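Each remark here refers to the structure printed beneath this line.
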Amino acid sequence: GEARTRIRAFNSQNMANTVWAFATAAVAAPELFEAIAGEARTRVRAFNSQNMANTVWAFATAAVAAPELFEAIAGEASRRIREFNSQNMANTVWAFATAAVA
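Written out as structure tokens, the structure is:
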């Protein structure tokens, strides 16, 4: 749909900030979250540690299931673990626990 087309123009920070804002405001936007999950999953290498942390935090907070996105971020985060500060690590671990992703 239109959300998926527009999301392609977003960079990693735009995607992370968008889902963070919707989750923080508690605004349901399933099509938007689905579009960002699909796009972010394919471009996860472009995400920095804060973008990864904020993205999974937003999906967990909004209670939006995105197992493939969480799997992609888990793989990328494990390769780049040294880039995570304590806040990003705590938010990421919380998100995985809250979303019940092992």
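Mapping of the sequence shown onto this note's numbering: residues 1362 to 1463, in sequence order.
For each residue, glycine too, the CB sits at the ideal point set by N, CA and C.
Given the structure is predicted, the values throughout are model-derived calculations rather than measurements.
Would you decide whether residue i is buried or exposed? Buried here means 16 or more other CB atoms lie within 10 Å of its CB.
| i | result |
| --- | --- |
| T1403 | exposed |
| S1447 | exposed |
| N1449 | buried |
| N1375 | exposed |
| S1439 | exposed |
| E1392 | exposed |
Just curious, the alpha helix (DSSP H) that residue i is in, first and last residue?
| i | result |
| --- | --- |
| A1378 | Reading off the sequence, residue 1378 comes out as Asn, not Ala. Element bounds for N1378: 1373 to 1385. |
| I1368 | 1363 to 1368 |
| N1449 | 1447 to 1459 |
| N1398 | In the sequence as displayed, the identity of residue 1398 is Ala instead of Asn. Per DSSP, A1398 belongs to the alpha helix (DSSP H) from 1391 to 1403. |
| V1388 | Taken as a continuous stretch (DSSP letters only), V1388 belongs to no alpha helix (DSSP H), as it is neither H nor E. |
| F1431 | 1428 to 1440 |
Could you give the distance in angstroms between the alpha-carbon of residue i and the alpha-carbon of residue j?
| i | j | result |
| --- | --- | --- |
| P1428 | V1462 | 7 Å |
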